[in-house]
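Have a look at the structure below, then the notes.
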Amino acid sequence: MESSELIHRPQYGKYILVWIALLMLTVITVTVAGINFGVLTLATALTVASVKSYLVLTVFMHLKTEQTAFRIFVGVALFFIIISFVLLFADYSFM
Amino acid sequence: MSNQEHAMAHRDDVGSRMGMWLFLFTELLLFGGLFFLYSVYRFVNQEEFHIAAKELDTIIGTFNTAILLTSSLTMAMSISAIQKNNKRLSIFFQLITILLGFGFMVNKYFEWTAKINHGIFPGSEELLNRGSGEILFFGLYYVMTGLHGLHVLIGIFIIGTMTWFTSRDIITKESYVKLEAAGLYWHLVDIIWIFLFPLFYLIT
Amino acid sequence: MIAQSVNYAHSVDEAFLFILIVSVFFLVLITGLIITFIIKYNRKKNPKPTNIHGNLPLEILWTIIPTVLVLIMFWYGWTGYKEITSPPDDSMEIDVTAQMWVWKFTYKNGITSDSLYIPVNRPVKAHLTSLDVNHSFYIPEFRIKKDVIPGRKNFTWFIADKVGKYQILCAEYCGLNHSYMLNKVIVLTADEFSIWMQEKLNEKNNQDTVSADNINNQSVAK
Amino acid sequence: MSSETTHVSYLEYQGRYKGLRGWIFSTDHKRIGIMYLIAATVFFAAGVVFGFLMRLELLYPGKTIVSAQTYNTFFTLHGVIMIFLFVIPGLPAIFGNFFLPILIGAKDVAFPRLNLLSWWLYVIGGALVLLSILLPGGPADTGWTFYIPYSVRTGTNVIFTVFAAFILGFSSILTGINFVTTIHRLRAPGMGWFKMPLFTWSLYATAWIQVLATPIIGITLLLIVVERVFGVGLFDPALGGDPVLFQHLFWIYSHPAVYIMILPAMGVVSEIIPVFAHRTIFGYKFIAFSSLAIAVFGSLVWAHHMFAAGMSDFGQFVFSLLTFLVAIPSAIKVFNWTATLYKGSISLEPPMAFALAFIFLFSIGGLTGVMQGALSVDIHITDTSFIVAHFHYVMFGGTGFGVFAALHYWLPKMFGRMYNKKAAYSAFWFLFIGFNVLYFPMFIMGWLGMPRRYYDYLPEYTIYHQISTVGSWILITGLIIMFTNLYLSLKRGKKVTARNIWGGETLEWQIETPPTYENFEEIPLITEGPYEYKDNDQDILEEKEVV
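Protein chains in written order, with my numbering: chain A, 5 to 99; chain B, 20 to 223; chain C, 58 to 279; chain D, -9 to 537.
Laid out in structure tokens, this is it:
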């Protein structure tokens, strides 16, 4: 159980910091949604959401301290979603 | 069961977490299918999605986001507590998580009933009279938040079981991979909401 | 090979023939090699096998050759497809309506028909509409097939270059009588076609005086 | 060693439960494999019966034995049963469960109880499919593709069948999760990634597709239920939905699923060929990586099922191009298998015969698949019996023959009994000839314009249909001979106790026949690759013992 040692470090402080960051990002995304950036509105909303999930993944879900294989796994899953999305829009955006 | 000896003999926490992660991918892709649907329909019906989204209550949405984020925090802290061998604190955090989960569901309940009272639900006359983009928007809204809500309920049930395990010392400082797996599930439910929230409540 | 009765049939058949020849070549090659090896290196004749772990140049060779071949095939298929989907502007436009389990053809002047009558050597563009479930408009001799999907504006086009009768079939499963959703394309000479059209028009005028709501029904159905 | 008493065969091992319960509640991967074998054989038989009846109906134009409605439910049931209950779970669930842990030197899979759950879900899903036949409304008549809008409008028990497919998907996912974790965590010491047998590689690639693609069909099928029950507008064009989007989502899973079906069979063939050529496999890494390449590229080509549906030109372009590229890793495999025969010392035992037939039939299936990748050609032949022939060459000629090869290769190991080889050969010839007589005419009539899923047909196709129907009788004769032979061998076959009956080098041939409950007395230490035939200096075969 190689990596368990790393995860064994309890980290209340870090968790609370991440939680504060997540709440602030939520406030930001709600505020920004009020302003009309046109196409960028959706992009900002999704970027903020991605940053938030990155924080949850790496800190709350300990992805940072897991074995490399786990990060590759997440990469594979995300790749699969993104490439399917891109190919789907290869059809729809050229209708 | 006959093979339990095997499982006990080779307790493999990394393996268990790996299995859990793989399961999370299937959950992610389950929602992924719906996100594909959402993105295509939004792409095709941009205007109507905007109009329909205005009817959703951003304040309730934001409030629920904060609730779920906080519950993720308490979930993570309950694991830290058990790592420090603080059983009571761990149970306390787990109970808070469950409470927050219920809070989320109560909000959801009020939100849904408000919509239904306005006559907006699948197959309602009010909805059928609107444009197809709005029908799709609310169809997706009910299906996606509904499926997400179902996951919250399942998560509450799982964490409840974990609380019971913790109190019975099945989950201890030495063996807490079950609690970790429950935590991973709960965080995934959170991540899905992190995306649902802007996609439904913040299109203005 | 079935009859080619349309402008682009030759390019479809050419692509098919090319792929068929390549495929048969490889199938014969593989099967031939397998049989040769079985005979030459069987247990009795060759009791002492030789371990060969691999051969990089060979691997590269048989990765590159198929890659080149499939890219050529792709190009054949793509250019042929471009032809199938690019109708000329002066095409005669016909609305094809599919419904469980009948076809209906509507001409620009409002004439409707159960079978598709078209003039020879003239581009025809068919707009496909479905009133219920998915169907597929298929004429084997013309090498065309296009799904007819409710809520979608699909079309197909062709120039029939031989006078005659050809089969129309439904190629997307659509329920009970899917296999009976058949009809004919009747390709006429230009003169015959205008005579037919005139007869239809006369018929219609007669009917209109009897019941004027015929056309109304059609536009509602659309 | 005291192991004589503690290490009894898994067939005789007494766990907590006895008798039948000792099987259906067993978490032993070998027993679960056997239970999958039994269940899958039952479902396969049901699928064959529906296929047989369809062919019988098509013997003459017009009504021959059943009504159009019944015929439509036949091809739906045939498709659902064969795909979800036989071809997808077949090799991974039966032989993967039994041999994956053994091949990597483990005592069981990573999650034995999940494995049992997976079997139960499989049986429940299968039972639901069969139950739908008896319920009022009748079995679904949508085809296994459940295309909307028809699947929302028909009055038959679509919900039942769709829900069954959903449960079966879940079972498949659990198997996938189990296999990925097992391969990552439970390899014996010294078994690096490139010392794994190729069957393991193919299972690994398969398991990933199972995990990633299956949930998409899960949600899609669930949405049919939601749409039917609650009238939520999602795909129905009357409510603004897009039926083509349903097809996209359906094929995002169902095309990769094709590779779930074929990859393990390729793995089996990669195991069998070196054993019976008595030499090492040619191009190990290329075969291993081509499995991964197929898994990756196979996930990117789904929309080639929809070339006639009206996608944008750019979509057609991209998907056609990717479709052609996915042919390459398959070609690499075929070339490497052929090269493995070179300078071998080939004995044509029954498993080898089936494996070589696999290469031939799969090549035809693959090459005709390439034809459909070409857009202009596909427009003409899609949704005709050409397609039916093509995917039967891949799914039956490929995966089916892969299963038959695996049965003849591994059954003696699993049960410690040898089948009658003469009967096996005669079954082989019936199957091989019957198969080609059944499916080859479909290529021709498909090219001539015979659409698929037709209850009735125009008189000019009669001759092809009749040849095809006769082929189905030959094929079924072969199936009966084969299964009877294998079944009888379990009872009366010659006992086999030799560990290595075929002269294989992989780990399953180093352990007891039949395997002990614990598989290995000690977890082995792996020092060399899986196909290192000891210089082939001395003849290590114990052939005489077997015959």
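C-beta atoms are modelled at their ideal positions from N, C-alpha and C, and glycine is treated no differently.
>> Going residue by residue through the stretch 33 to 91 of chain B, where are the continuous alpha helix (DSSP H) segments of at least 4 residues, counting only ones entirely within it?
In response: Within the stretch 33 to 91 of chain B, the complete alpha helix (DSSP H) runs of at least 4 residues fall at 65 to 72.
>> I need the DSSP call for T146 (chain D), collapsed to helix, strand or coil.
In response: Looking at T146 (chain D) - three-state DSSP - the assignment turns out to be coil, as it is neither helix nor strand.
>> With DSSP as the reference, identify every bridge partner of R407 (chain D), one or two as the case may be.
In response: According to DSSP, R407 (chain D) bridges with D:K485.
> According to a CB-to-CB cut-off of less than 7 angstroms, which residues of the stretch 283 to 303 of chain D neighbour chain C?
Replying inline: For chain C, the residues of the stretch 283 to 303 of chain D that bring a beta carbon within less than 7 angstroms of one of its beta carbons are A298, A299, G300, D303, in chain order.
> Hey, does I210 (chain B) have any beta-carbon neighbour from chain F nearer than 9 angstroms?
Replying inline: The structure shown contains no chain F; its protein chains are A, B, C and D.
> According to DSSP, which residues form a beta bridge with G167 (chain C)?
Replying inline: Looking at the DSSP assignment, G167 (chain C) forms no beta bridge with any residue, so it has no partner.
> Is the Cβ of F64 (chain A) closer than 9 angstroms to any Cβ of chain D?
Replying inline: Output row for F64 (chain A): interface = no.
> For T116 (chain B), which of B:G52, B:F55, B:I175 has the nearest alpha-carbon?
Replying inline: The shortest Cα separation from T116 (chain B) among B:G52, B:F55, B:I175 belongs to B:I175.
> From V(-2) (chain D) to L106 (chain D), what does the alpha carbon distance come to, in whole angstroms?
Replying inline: So the two alpha carbons sit approximately 22 angstroms from each other.
> Using CA coordinates, which residue listed in B:F156, B:S151, B:W205 is at the minimum distance from V171 (chain B)?
Replying inline: Measuring from the Cα of V171 (chain B), the nearest candidate turns out to be B:W205.
> By a C-beta neighbour count over all protein chains shown, 10 Å radius and 16 as the cutoff for buried, is V22 (chain A) buried or exposed?
Replying inline: Its Cβ being crowded by 16 or more others within 10 Å, V22 (chain A) is buried.
>> For F73 (chain C), count the other beta carbons within 10 Å of its own beta carbon; 16 or more makes it buried, fewer makes it exposed. Which is it?
In response: F73 (chain C) is buried by the Cβ-count criterion.
> M28 (chain A): buried (16+ other C-beta within 10 angstroms of its C-beta) or exposed?
Replying inline: Counting Cβ neighbours within 10 Å, M28 (chain A) comes out exposed, since fewer than 16 surround it.
> So which residues on chain D does T120 (chain C) lean against when the C-beta distance must stay under 7 angstroms?
Replying inline: Around T120 (chain C), the beta-carbon contacts reaching into chain D at under 7 angstroms are I318, I322.
>> So N6 (chain C) contacts chain D; which residues on that side make the cut at Cβ distance below 9 angstroms?
In response: Outside the shown range of chain C, which is 58 to 279, sits residue 6 (chain C), and nothing can be said about it.
> Quick one: which chain D residues come within Cβ less than 9 angstroms of L48 (chain B)?
Replying inline: Neighbours of L48 (chain B) across chain D, judged by C-beta separation under 9 angstroms: V201, L202, A203, T204, P205, I206, G208, I209.
> When you compare only the Cα positions, how much space is there between Y546 (chain D) and L465 (chain D)?
Replying inline: Residue 546 (chain D) falls outside the range modelled here, since chain D spans only -9 to 537, and no answer is possible.
> What are the boundary residues of the alpha helix (DSSP H) that M181 (chain B) is part of?
Replying inline: Note, M181 (chain B): alpha helix (DSSP H), 151 to 186.
> Which runs of the alpha helix (DSSP H), 4 residues or longer, sit entirely within the stretch 431 to 498 of chain D?
Replying inline: If we require 4 residues or more, the alpha helix (DSSP H) runs fully inside the stretch 431 to 498 of chain D come out as 452 to 482.
>> Quick check on the DSSP output: the beta strand (DSSP E) that includes P319 (chain D) runs from which residue to which?
In response: DSSP places P319 (chain D) outside any beta strand (DSSP E); the residue lies instead in the alpha helix (DSSP H), whose first and last residues are 303 to 331.
>> Contact criterion: CB-CB distance below 9 angstroms. Does Q60 (chain B) meet it with respect to chain D?
In response: Note that residue 60 (chain B) corresponds to Tyr in the displayed sequence, not to Gln. At least one chain D Cβ lies under 9 angstroms of Y60 (chain B).
>> Can you list, in chain order, the residues of its chain with a C-beta nearer than 8 angstroms to that of D527 (chain D)? Leave out the 5 residues immediately preceding and following it.
In response: With a pLDDT of 46 at D527 (chain D), under the threshold of 50, the modelled position of that residue is not reliable, and no figure is offered here.
> Three or more C-beta pairs closer than 8 angstroms, one from the stretch 333 to 348 of chain D and one from the stretch 129 to 149 of chain C: is that the case here?
Replying inline: Touching, no.
>> So the candidates are D:R175, D:P505, D:M186, D:A117; which of them puts its Cα closest to the Cα of V152 (chain D)?
In response: Checking every option, the nearest Cα to that of V152 (chain D) belongs to D:A117.
> What number of angstroms, rounded off, separates the C-alpha of L159 (chain B) from the C-alpha of F54 (chain B)?
Replying inline: Pairing L159 (chain B) with F54 (chain B), the inter-Cα distance amounts to about 9 angstroms.
> Candidates D:T135, D:E502, D:L346, D:M251: which alpha carbon is nearest E261 (chain D)'s?
Replying inline: Closest in alpha carbon position to E261 (chain D), among D:T135, D:E502, D:L346, D:M251, is D:L346.
> Is it right to say F348 (chain D) is buried, meaning 16 or more other beta carbons lie within 10 angstroms of its own, or is it exposed?
Replying inline: With 16 or more Cβ atoms within 10 Å of its Cβ, F348 (chain D) is classed as buried.
> At a Cβ threshold of 9 angstroms, is L61 (chain A) touching chain D?
Replying inline: Not a single CB atom of chain D sits nearer than 9 angstroms to the CB of L61 (chain A).
>> Does S97 (chain A) pass the burial test, meaning 16 or more other C-beta atoms within 10 Å, or should it be called exposed?
In response: Classification for S97 (chain A): exposed.
> Could you give the distance in angstroms between the alpha-carbon of K534 (chain D) and the alpha-carbon of L188 (chain D)?
Replying inline: In this predicted model, K534 (chain D) has a pLDDT of only 37, less than 50, meaning its place in the structure is not dependable; the value taken from the coordinates is given anyway. The alpha-carbon of K534 (chain D) is positioned some 28 angstroms away from that of L188 (chain D).
>> Classify Y58 (chain A): buried if its beta carbon has 16 or more other beta carbons within 10 angstroms, exposed otherwise.
In response: Y58 (chain A) is exposed by the Cβ-count criterion.
>> Could you check whether the Cβ of I87 (chain A) sits closer than 9 angstroms to any Cβ belonging to chain D?
In response: Yes, its Cβ sits closer than 9 angstroms to a Cβ of chain D.
> So, is the C-beta of R107 (chain B) closer than 9 angstroms to a C-beta in chain A?
Replying inline: No, R107 (chain B) lies away from the interface with chain A (no Cβ there is under 9 angstroms from its Cβ).
> Roughly how many angstroms lie between the CA atoms of M296 (chain D) and F156 (chain D), to the nearest whole one?
Replying inline: Roughly 23 angstroms between the two C-alpha positions.
> Which value, in whole angstroms, describes the spacing of the CA atoms of Q500 (chain D) and Y140 (chain D)?
Replying inline: Just so you know, the alpha carbons of Q500 (chain D) and Y140 (chain D) end up roughly 54 angstroms apart.
> Using 8 angstroms as the Cβ pair cut-off and three pairs as the minimum, do the stretch 210 to 228 of chain D and the stretch 148 to 155 of chain B touch?
Replying inline: As far as the Cβ criterion goes, the stretch 210 to 228 of chain D touches the stretch 148 to 155 of chain B, which means the pair count is three or higher.
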